[in-house]
Each structure stands twice: as C-alpha cells, then as structure tokens.
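Accompanying notes for the structure given below.
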Amino acid sequence: MRIRGDILRTYQSIHTWTGIVAGLVLFIGFYAGSLTMFEEEITQWATPPSHQLAQISVEQLDDLILKASATYEKAQQGFKINFNEHSSPMTWYEQGGGRSLSLDDVMMHASLSEQGELITNAEPANELGNLIDMLHRTAGIAGKLGHEDLGVLVLGIASALYFLALVSGIIFLLPTLVKSFFALRKNKGVNRFWLDSHNLVGIASLPFHLIIAWSVVVFAFHDVFYDGLSLVYADKPMFERSDTPQIEYSIDQLPSISTYLRKVDELTDGYHAQSMAFSGLSSSRPSVGITVINHQEMMRNNTGDFIYMHPYTFDVSFSSIPMNEEQYYVSYVASFFSLHFGGMGGDIGRWVYFVMGLLGAFLFYSGNLLWLEKRRQKQPIQSKSNRFMANLTVGVCLGSMLAVVATLLSSKWLYLINAHINNAYITCYYLVFFAALIYSFFHGAAKSAIYIQKTLFIACLCIPITTLLAIAIPSFGEWTSTNSTNFIVDIVALVFAGIFYFSAFKTKQRAYHGERNSIWAL
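Just so we're aligned: the sequence shown equals residues 1 to 522 in full-length UniProt numbering.
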C-alpha cells in the first residue's frame with residue numbers, strides 16, 4: 001500500500017504528540033489496572049487471616065443472622081453473607097460503609113462456634129484492593145470536579161487522545177505493516193529493537209486497546225452523555241421511577257438463605273452465588289444484591305454478575321443477566337463492561353488481561369523512550385526540554401511502580417506496628433512516588449532508571465521474604481495461613497524481582513557501553 005509522504009508525516013505527528021501528552025497517566029492506569037484483575041485476592045493477601053472467622057454450613061447461616069441481628073443494631077440495617085471459604089460467613093459495617101471509598105471503616109465479622117454460639121470480631125476494613133482500583137481510575141490524581149473525581153476526567157481526556165494515537169499509528173504503519181509486523185531486528189541497534197517491540201505490542205493488542213480507550217471515555221463522561229439525552233427527554237425522567245411502597249418490613253420476616261439460593265438457580269442457568277449483600281431490611285425499601293458467578297459466560301466484571309431483588313417478595317429490580325428474551329439489551333451492556341473489566345474466561349481470562357495491562361503500560365513507556373531517542377537524533381546536544389521529559393518519564397513510570405510495590409511490601413509490617421492501615425497505605429504510596437520523582441530530576445534519567453529498577457528488584461524480593469518471616473517468627477503469628485492465594489502473590493512478586501533485576505542490568509549496560517551522546521549514557 002502506498003500513502004503520500006506528507007500524509008504519513010501528519011499521522012506520525014498526531015501519533016507522537018497524542019501519545020506523549022497522554023502516555024504518563026495512562027501508564028499508571030494500565031499498570032494499576034492489571035493489578036485490579038486480582039483486586040479481591042490482593043486485599044485478602046494483605047489482610048491478616050486472623051481477621052477472618054471460620055465458615056459455617058448454609059443451614060447454619062439463618063441462625064447466625066438471627067443471633068447477630070438480635071445482638072447488634074447495625075446488623076439489623078444490613079449485612080453481607082459470604083460463601084467464600086476464606087472470608088467470614090457474615091460481615092457488616094460497624095463504622096462507615098456505603099459505596100464510596102472510606103479509610104476509617106470498621107468491619108464486624110460474625111460466625112458461630114462449634115457449640116452454636118455467636119462469635120464476632122471487629123477490625124478496620126482493609127482497602128488496599130480498592131486503593132489500587134482508585135489508582136487505576138484516577139492515576140493517583142487527587143481532587144474533585146463537581147461530584148466526579150478529577151483524575152477520572154483527566155484519564156477520560158487522555159483516553160480520547162490515546163484513541164487518536166491508536167488510529168494514527170495504524171495509518172502510519174500501513175505501508176510497512178506486513179513486512180515489519182513480526183520483525184524484531186536486534187542487529188540494527190537498540191532503537192530499532194525498541195521500535196519493533198513497540199509496534200508489535202501495539203498491533204497485536206489493537207482490539208484490546210480500542211475497547212479500553214472507548215470504554216474509559218464513556219465511563220469518564222457518562223454524565224455529559226446523560227445531559228445530552230436530557231435535551232431530548234426534557235423534564236420527563238429517562239427512567240421510570242416506582243412509587244415509594246408503604247409497607248414496612250422486619251428482619252424477622254427474612255426468608256432463609258437456602259431460599260435465595262434456590263431462587264438464583266431458578267432465575268439463572270449455570271450460575272452460583274458468591275455473596276449476598278442485604279440493606280434496608282427494616283425499611284420500606286429493602287434490597288439484596290446477589291453476586292453470582294459463571295465462568296462459562298461473559299460476566300459484567302471479573303468478580304461476577306449481579307442480581308438485585310426485593311429480599312421479601314423476590315421481585316427483581318435490576319440484573320446484569322437478562323431475565324427474559326425482551327431484555328436482550330442487558331447482554332449488550334454487560335458485554336461492554338465485561339470487555340473492559342475482563343469478565344470472561346475465568347482465571348485464564350484474568351491472567352490474559354493482567355498481561356495485556358502490563359503490555360499496555362510498556363507501550364506508553366516505550367513510546368516515550370522512542371520519542372526521546374528521535375529528539376536526540378535531531379539534536380545531538382541534549383536540550384533542557386528533552387532532559388526534563390526523560391526525567392519525568394522515568395520518575396512517573398518507574399516511580400509509580402515502585403510506590404505500589406513498596407505499599408504491598410509494607411502491609412504486613414504496618415499491621416505489626418498497629419498503624420492506621422489505609423492512611424498508611426496512601427502515605428507510603430505518595431512518599432515513595434514523589435521520592436522517586438525527585439530523585440529522577442536530581443540525578444537524571446540514566447542514573448535514576450538504574451537505581452529505581454534495582455530498588456524495585458529489592459522490594460519485590462522482600463515481599464516473599466516477609467511472608468517467610470511471618471511464618472517463622474511468633475510475633476507474626478496472625479499471618480500463619482495455608483491459603484494458596486498468599487503464595488501466588490509472593491510467587492508473582494518473585495518473578496517480577498527477576499524481571500527488574502535483568503532490566504536494571506541491561507539499563508546499566510547501555511548506560512556505560514551504549515551510544516555516548518544518548519540521554520541514557522553515563
């Protein structure tokens with residue numbers, strides 16, 4: 001295919017500048033987003049096993065609910081029933097709660113002893129998984145604009161630019177796409193190898209990136225879209241609102257848990273309940289949200305689908321699963337969410353999205369490096385703007401990774417010193433992130449890239465070492481657990497320790513033995 005040179009140069013400029021402007025915040029979004037594939041597992045890994053109480057049989061859950069609601073007023077307002085063997089059978093918020101992220105929530109755990117007596121345990125809710133998800137959605141940018149997070153809007157704008165970068169990049173590569181798609185030319189210099197790697201990752205994962213870019217824009221600016229629809233609907237509500245019922249209900253009227261499980265079997269095909277969240281049980285608007293899982297289907301997200309119903313009448317108010325043939329649109333909406341959140345393919349699907357998220361982060365990092373190298377070719381003497389961008393790229397990208405790893409590493413030690421866990425997580429992240437950013441500007445991109453990666457290697461290595469210490473040292477006794485999830489997190493950390501060690505070695509090798517007028521030379 002032949003395309004005029006001036007057209008190619010135009011699309012190359014669009015691709016370059018949209019990528020540079022949006023790349024740094026999108027790097028954080030993709031890197032943190034890959035971790036959200038295992039958000040619940042990370043929270044579980046970061047929470048002392050002693051905080052969880054033993055599971056009980058389904059038949060005992062009704063007795064547990066009865067005793068807990070009779071003893072604790074908060075339990076009468078709402079609670080959650082968990083069927084996961086590694087979670088307490090019943091939990092509710094003694095302090096805080098609600099849909100928004102809170103750092104000082106206190107969770108009450110409840111179960112039954114072997115003698116059938118109520119046992120409870122109040123612990124601060126660990127929000128590490130939610131904080132990583134917040135990082136994924138906001139890139140760590142704090143503040144509000146109206147009722148929306150400022151970081152969400154920034155990522156929405158960045159994703160729109162990112163979409164332009166994807167399209168312009170494809171057009172720019174079209175003339176040489178067939179010839180250079182799988183070419184990784186090591187013998188033509190480091191820059192060519194980085195360019196080939198960047199192109200290969202970008203083309204191979206193009207459908208994934210188009211879906212992510214489009215969906216993030218929709219998530220960020222859904223209020224704008226609704227405001228646009230209001231011009232059509234005027235004062236008429238877009239969604240029909242039901243009248244407020246006059247009937248007051250009591251928790252004593254609550255059906256048995258097995259009844260809800262049978263209802264799930266009746267409404268769905270192949271799904272099983274993961275948890276049930278009850279709310280407003282003694283009000284005129286009670287509700288139960290049931291999380292259901294079927295790994296053979298495209299679920300709304302990687303944690304499952306949802307069915308919201310009236311807990312006393314079983315009337316379904318909302319479901320991410322179509323309840324009849326007339327609700328065909330539900331499948332389309334659920335598919336849209338599923339493609340963004342990795343809600344298909346079970347654990348294999350989650351690992352694929354995890355890898356794709358990391359490759360997406362690599363795409364933005366490598367894009368910035370390629371831009372810097374091209375600027376160097378045009379200007380052998382490094383300009384201040386070029387050095388600034390190099391320092392910023394290393395500080396933001398590697399600094400954000402180091403901050404997340406350091407926060408993960410700190411978790412067990414923070415519990416050991418009885419720190420305010422969630423505030424400590426945020427403090428740890430921003431301290432490490434800004435320390436890495438300042439270090440990068442103070443020592444330059446070449447040196448800081450080496451030492452930040454070495455620090456990443458040490459931090460990743462210390463995660464499994466901390467786990468071994470937790471097992472071996474009595475003062476860490478509350479961390480003794482046979483849960484395989486803990487060991488998976490530690491094994492992945494060990495793998496990344498090896499990756500960062502190798503990367504630091506290659507970066508150092510290039511700094512001392514590579515091109516002397518490169519911005520990465522020492």
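For each residue, glycine too, the CB sits at the ideal point set by N, CA and C.
Model, not experiment: these values are computed from the prediction.
Closest residue to residue i among the options (Cα-Cα distance)
i: residue 538; options: F502, L402, D315; result: With the chain covering only 1 through 522, there is no way to say anything about residue 538.
i: P48; options: W413, I293, L195, A435; result: W413
i: residue 549; options: D269, A32, H310; result: In this structure the chain extends from 1 to 522, so residue 549 is not present and cannot be described.
i: I119; options: A32, A68, L494, R387; result: A68
i: G156; options: H209, S215, S205, M134; result: S215
i: N386; options: Q509, S50, I519; result: I519
i: E114; options: Q60, I20, L131, M134; result: Q60
i: D62; options: I81, K508, T71, L53; result: I81
i: Y312; options: R285, V333, M323, P322; result: R285
i: S205; options: L363, L456, S383, N391; result: L363
i: G19; options: V316, A165, V489; result: A165
i: L469; options: L437, L416, R262, F500; result: L416
i: Q93; options: S100, A75, E85, N84; result: The sequence shown places Tyr at residue 93, not Gln. Nearest option by C-alpha distance: A75.
i: A158; options: D252, F219, V292, F193; result: F219
i: T268; options: L494, G395, I465, E297; result: E297
i: P89; options: A446, G498, I257, T393; result: I257
i: Y260; options: I247, S338, V292, F221; result: V292
i: S484; options: A497, T467, I473, V495; result: T467
i: F354; options: L392, S366, S331, N302; result: N302
i: G202; options: Y512, G270, S366; result: S366
i: E515; options: I465, A446, L494; result: A446
i: H443; options: V394, I465, S503; result: V394
Sequence-distant residues of the same chain with beta carbon closer than 6 Å to residue i, five excluded per side
i: S168; result: Y11, I14, H15
i: F30; result: G357, G360, A361
i: T407; result: Y425, C428, Y429
i: S102; result: G96
i: A125; result: D105, M107
i: V489; result: W45
i: H295; result: G346
i: G116; result: none
Status (buried if at least 16 other CB within 10 Å, exposed otherwise) for residue i
i: L522; result: exposed
i: L254; result: buried
i: V432; result: buried
i: G342; result: buried
i: K506; result: exposed
i: residue 534; result: One cannot answer for residue 534 here, as it falls past the ends of the chain, which runs 1 to 522.
i: K144; result: exposed
i: H109; result: buried
i: E39; result: buried
i: Q453; result: buried
i: H147; result: exposed
i: M344; result: buried
i: E73; result: exposed
i: N418; result: exposed
i: V333; result: exposed
i: E123; result: buried
i: V224; result: exposed
7 Å Cβ shell around residue i - same chain, five flanking residues per side excluded
i: L128; result: I42, T43, A46, S411, Y425
i: G289; result: A277, F306, Y308
i: N121; result: H51, L53, H109
i: L135; result: I28, A32
i: S87; result: Q52
i: Y501; result: F457
i: R375; result: N386
Integer-rounded CB distance, given that residue j should sit under 8 Å from residue i
i: R300; j: S320; result: 4 Å
i: V264; j: V154; result: Not confirmed; about 40 Å, so no contact.
i: V492; j: A459; result: With a Cβ gap of about 13 Å, V492 and A459 do not count as contacting.
i: G23; j: N422; result: Contact doesn't hold; Cβ gap of about 30 Å is too wide.
i: A449; j: L398; result: 7 Å
i: S279; j: G78; result: 4 Å
i: I56; j: S111; result: 6 Å
i: L370; j: M389; result: Wrong, their Cβ atoms sit about 12 Å apart, outside the cutoff.
i: L161; j: V21; result: 6 Å
Close-in-space but distant-in-sequence residues of the same chain around residue i (CB under 8 Å, 5 per side omitted)
i: Q95; result: D104, D105, V106
i: residue 523; result: Lying outside 1 to 522, the shown extent of the chain, residue 523 is not represented and no answer is given.
i: I132; result: A32, L35, T36, E39, I42, V404
i: C462; result: L409
i: D315; result: M309
i: F163; result: L210, A213, W214, V217
i: S383; result: R375
* To do: Run through the segment 263 to 334 for me and flag every whole alpha helix (DSSP H) of 4 or more residues, listed as ranges in chain order.
  => Counting only runs of 4 or more, we get nothing.
* Whole alpha helix (DSSP H) elements within the segment 363 to 450, 4-residue minimum -> Complete alpha helix (DSSP H) runs here, min 4: 384 to 416, 421 to 443.
* **Every unbroken beta strand (DSSP E) within the segment 108 to 170, with a cutoff of 3 residues, ordered by chain** => Within the segment 108 to 170, the runs of beta strand (DSSP E) at least 3 residues long that lie entirely inside it are, in chain order, 118 to 124.
* alpha helix (DSSP H) segments (min. 4 residues) lying fully within the segment 190 to 222 -> The segment 190 to 222 contains these whole alpha helix (DSSP H) runs: 190 to 204, 206 to 220.
* **Secondary structure, beta strand (DSSP E): runs of 3+ residues fully inside the segment 53 to 112** => Taken in chain order, the complete beta strand (DSSP E) segments of 3 residues or longer contained in the segment 53 to 112 are 78 to 82, 90 to 95, 106 to 112.
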